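Heads up, the thing below is written out as structure tokens.
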């Protein structure tokens, strides 16, 4: 009810503040007998880390995950899987000057007003550091989906006004991973890096768009009318820090198309039903149709700038604020594993929910 | 779990198929002592009806709502409010030819695959007729929000490639209502009607964009980290038939802005904290900040065309399909009360949830 | 949240007041493709009816159930199944004198205090008439469980101070049904009838105990640690009007036994694991163990008496109250189908929940 | 869904196995601004510990609780409160001989069957060690209820066949605490100790009954029809290890009373509405009526005996089993803080839920 859980049958509840002692969560509903792929989970954690790239130079953490329960002899037991990551590299003094200040476009003001109390250190609960719990649980979910052949792959399709020219091309995972900004188009990736360097020098920040593909999703996932698969994906994605928009299939562009352009005709291919096109983005009536699921997510630029901004404080005084310490220029490349995690959590939950539709 | 409920404290569960005996729902959690505004509810139902406009000429229903429980002497009693609308004008024979057919971009195929059985008459549960239950419950929710000064107003900002030039202008409710297509810009409204007439003659269909404003929302609504106010709004809107995208505040445009352009500076106005701009769309960190909440929703064109399309049937044969009976050219104007209903349901639920944050 | 739903995957939400227009509910999560056994459902409704017996002479209703959705060609479609029963035989005038009065041991006073408004006619939502929705949904659940060989059978083991001597005997369904008070022991049944006749003449009322057996429950149902099978059964039973106690297996008697007397030893029977005794009542650690599930439920006597009782009214005046109209002497025999319904709802829900434990 | 959460608005999710690295939980929905009473929490933990009494000589743990989040400068912030207790004194070798064995009346067999895998060390998740998370969260809940004047007090009313003669007497907290077995009647307490000593010498075990009183509960808590206050209390209590029965008010005895004996007459006392008697146990129609809430809970004897019992193993062989290591004779006195915790969790949850009934 208080909003820190997601999922119905594969349910994640997270906890933790940026500068508290730990971030973590409990997964309730992980099927029993699943071998835990620690390497896969650690790779996802590494993908989320600051990495001294043009986009990211912020706080570095060892980010070692400790699993506390629900695993016996490396297999899930069906009981809750609790895990935590200690916060070690916390420089609370970097935030002392923000104790009474409300940073523009941060959650400082709304948390203060809602709760009447606020852990101001590093954004507290509203910090993107919270997402490490999502990445860990999502990696576990994704490793389970992989056993059923389902794969999830996100990439950066825009940073600022630089975009991939052909978003629908089938990029390989290798092309994505080899880009410092996780943009699989080599030419675009270079331009993004140039833009990032320029904007960093200005003390300014950038946003962008992440595109995500889900392959081999079985037909039938999604629970109409409210828990449509794309509705739950939208909620999961919109719950990520800094996300301002979600679209799937031909998305906002659909609103400009005629029915005869938009509709995907059904065809017979190799004696099986298929589709001529995939403007639907793999979901019809809220239920997966077996085609590739495809969606885009818009991220706003990072709110903390390395240059002065006007704001106010608790005492209703106008002040000037400027970022101190370690901050990224653009969070979008680091958000790739978060998007993949939220997709995996949503999908596995619906995979399990679909098991009771027929008996 | 099976997806037919929305909301936590103000919870709506709906039922009904297009050509079944009735559509309806149960509202559980309506606060006690609320005077029911039947006129307001009936107006919303009327707004959703087909109205012989350029956009809509489809099936007409009396749509009389019967309340079955939870109301005593015209006031809510705190017990569940059940309601239903009988389906009377059902021409099942219009759908007999679709018994075995899968219509392109409809839910026919996925329902068949998921459930192994399908009420094919008029789209069954996947029909937009289901939304009448949302409109009724949403109207009740909106009438409660109005008592607290909160108002919701949606309008059509695009149909096909015709868009309002100034989307952020403060249109009056009268300007919206006086347009046949619910587009408050007179010039744009005319162009939309021309386009609709033209496309109707082609037997084709159109989509569009609805924009929605929420005024006077109190500060503090929204439950991070997963049930952020905009995440729940996104889910609610994406659950409406034919919706392909959602964005709030500066939305997808944010991804192209620099932090210094995007950030809303806090200011002191009349001794109170306010904001210089509202790119955030009234929500920060998932919690309403007291500014206007603003979002856009993209609708794809209606899937049923009055001209032949290729498809397949249950017997894996390729067939040609063409709409029979009564169908709209564009559903977007009729979706206005549905959008307002989903916004009201989401907002009232969070309004109630926020009551237990401080004691 | 407002308490009118039960179940997670097979979820029932009910509505309706004693003298409102209808009682009914929505079942969300009924698996698709189930043939509806209307005869079975109607038999259960009949079992719940007042029947001019020694125990029951109260209001008679035709109690015809109308299914509104979720069924197509007599099979469940996987979409919500809504149903209602009209209240026809409502003599609201019998309750006019109670408008301002709080009847002893009824919910009048607490509903007034909680909600600030109350439908006083016939007890409103607090009336046992509400249970007809449980019986209908429970009958559907039970008919599904029967397909898997699971059977549920409740009987009256006590009325007032008259009890069956051998509660653990395996009574046949026929023995139960042939008793006017649903007590399968012929001698005891006769004594109960005598007691009922005597107490009715006094204008007084009686309670009793219902015992319930579940046979062929598969091993593995129940979700520790909070949703133990017996914990969910307890909640389901305690939610029935007038229930004051629940025990399973050897129940309260267990508290007086030594471990060596209580423990059920595991044995090998026909090469399969079994148990020597069943003090556990078929559930170990909250999970069904394959043995017979057995529990008892205590009902208090009916609160409405046909003789004067002291009470108070809304105006804080002391008054005298006496039942008018039609009231039972003892509700226990009529509660048999309600107990069976709540058992079926609980069991089917856990049956579905157990499907996602292993994948 | 997987059963490890309880509560709707004040929601506890627990994790941990007896011999895993830690036991703990997340509280989601704790109101903001609550000062944490660490002393009160630690006292409750101490009450749950083995204490070298006649009843208990089992495994001793330091049981230090670490709070990981949701608290800032000693106050709750409205974000999730995570906590854990490390398992330090784990002698897994005591359980090595049980790897393949199913102990009588333990959950070994059902966990194996349900999950296909089992952490056999110390009972794994089914161990009563899990309840330490309940005690911590419940202590926090109880400390919040105390701010509103609500108090909870449980005591031992029976061990084996030794019972308090006058269960309805108003015992002081001091009388309870001064008894080694938490039985406030001095004479009965002595007899219980004698019985425990005798049964311990036999290598056998005992159960008993805990009675619990809630004072100053406000009128209006409880959400009919399914989430009646006593139904949720029943579920909470039945979810505690070894509990076999629950009754409230006059409980099972009600089934033997006439309506005229059972009914509590309403009266005017000091110009306020009150009740002549309290057979209802403080709850009418599922809603608290302002009177003392009173209930009894039956515990079966501990399943592990210090003498041989027959059983079977994974290989379907008949074996003999005897407890090794450290085990209590009777868990009932140590269960007092667990009962109080479950009562506090249930009550605070309903206290918060009741806040949205009227607006």
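Protein chains in written order, with our numbering: chain A, 347 to 705; chain B, 347 to 705; chain C, 347 to 705; chain D, 347 to 705. We put the beta carbon where it would ideally sit given N, CA and C, even for glycine. Model, not experiment: these values are computed from the prediction.
What first and last residue would you give for the alpha helix (DSSP H) that runs through residue i?
{"i": "residue 484(B)", "result": "477 to 493"}
{"i": "residue 697(A)", "result": "682 to 699"}
{"i": "residue 458(C)", "result": "454 to 461"}
{"i": "residue 605(C)", "result": "605 to 608"}
Which residue wins for smallest C-alpha separation from residue i, given the options the options?
{"i": "residue 406(B)", "options": "597(B), 569(B), 434(B), 615(B)", "result": "434(B)"}
{"i": "residue 671(D)", "options": "650(D), 688(D), 378(D), 687(D)", "result": "650(D)"}
{"i": "residue 395(B)", "options": "588(B), 408(B), 563(B), 373(B)", "result": "408(B)"}
{"i": "residue 545(D)", "options": "675(D), 386(D), 382(D), 402(D)", "result": "675(D)"}
{"i": "residue 733(C)", "options": "499(C), 452(C), 617(C), 625(C)", "result": "Look at the range of chain C in this structure, 347 to 705, and you will see that residue 733(C) is not part of it."}
{"i": "residue 382(C)", "options": "486(C), 631(C), 432(C)", "result": "486(C)"}
{"i": "residue 388(C)", "options": "478(C), 441(C), 596(C), 439(C)", "result": "478(C)"}
{"i": "residue 366(B)", "options": "473(B), 462(B), 460(B), 456(B)", "result": "473(B)"}
{"i": "residue 577(A)", "options": "547(A), 689(A), 422(A)", "result": "689(A)"}
{"i": "residue 571(B)", "options": "380(D), 347(D), 424(D)", "result": "424(D)"}
{"i": "residue 429(C)", "options": "421(B), 422(B), 420(B), 414(B)", "result": "414(B)"}
{"i": "residue 594(C)", "options": "581(C), 641(C), 629(C)", "result": "641(C)"}
{"i": "residue 603(C)", "options": "558(D), 551(D), 628(D), 584(D)", "result": "551(D)"}
{"i": "residue 490(A)", "options": "638(A), 466(A), 634(A), 380(A)", "result": "380(A)"}
Just confirm the distance between the C-beta atoms of residue i and residue j, as a whole number of angstroms; I'd bet it's less than 8 Å.
{"i": "residue 529(D)", "j": "residue 510(D)", "result": "6 Å"}
{"i": "residue 554(D)", "j": "residue 502(D)", "result": "6 Å"}
{"i": "residue 575(D)", "j": "residue 632(D)", "result": "6 Å"}
{"i": "residue 591(D)", "j": "residue 598(C)", "result": "4 Å"}
{"i": "residue 349(A)", "j": "residue 569(B)", "result": "3 Å"}
{"i": "residue 481(A)", "j": "residue 390(A)", "result": "5 Å"}
Please go through the same chain and pick out, in chain order, the residues whose beta-carbon is closer than 8 Å to the beta-carbon of residue i, but skip the five residues on each side of it.
{"i": "residue 458(C)", "result": "448, 464, 660"}
{"i": "residue 612(B)", "result": "619, 620, 621, 622"}
{"i": "residue 657(A)", "result": "447, 448, 449, 450, 664, 665, 666, 667"}
Counting along the chain, where does the beta strand (DSSP E) carrying residue i start and finish?
{"i": "residue 664(D)", "result": "664 to 667"}
{"i": "residue 600(C)", "result": "Unbroken run through residue 600(C) is the alpha helix (DSSP H), 597 to 600; no beta strand (DSSP E)."}
{"i": "residue 660(A)", "result": "Residue 660(A) -> no beta strand (DSSP E), and no H or E assigned at all."}
{"i": "residue 348(D)", "result": "Looking at the DSSP string, residue 348(D) is not in any beta strand (DSSP E), and its letter there is neither H nor E."}
{"i": "residue 497(C)", "result": "497 to 505"}
{"i": "residue 594(C)", "result": "589 to 594"}
{"i": "residue 411(A)", "result": "411 to 413"}
If you drop the 5 nearest sequence neighbours on each side, which residues of the same chain put their C-beta closer than 6 Å to that of residue i?
{"i": "residue 525(B)", "result": "535"}
{"i": "residue 541(A)", "result": "506, 508"}
{"i": "residue 579(C)", "result": "692"}
{"i": "residue 562(D)", "result": "495, 496"}
Residues in its own chain within less than 7 Å of residue i by CB, not counting five upstream and five downstream?
{"i": "residue 538(D)", "result": "505, 508, 527, 529"}
{"i": "residue 719(B)", "result": "An answer regarding residue 719(B) cannot be provided, because it is not within the stretch 347 to 705 covered by chain B."}
{"i": "residue 476(D)", "result": "360, 362, 369"}
{"i": "residue 351(C)", "result": "357, 358, 359"}
{"i": "residue 517(A)", "result": "501, 530"}
**Asked** What are the uninterrupted segments assigned as alpha helix (DSSP H) that are 4 or more residues long and contained completely in the segment 355 to 395 of chain C, given in chain order?
**Response** 384 to 394
**Prompt:** Taking a cut of 9 Å between CB atoms, which residues from the segment 442 to 468 of chain D lie near chain G?
**Reply:** Within the model displayed, chain G is absent; protein chains A, B, C and D are what it includes.
**Request:** Please go through the segment 517 to 584 of chain C and give each complete beta strand (DSSP E) segment of 3 or more residues, from N-terminal end onward.
**Result:** 554 to 561
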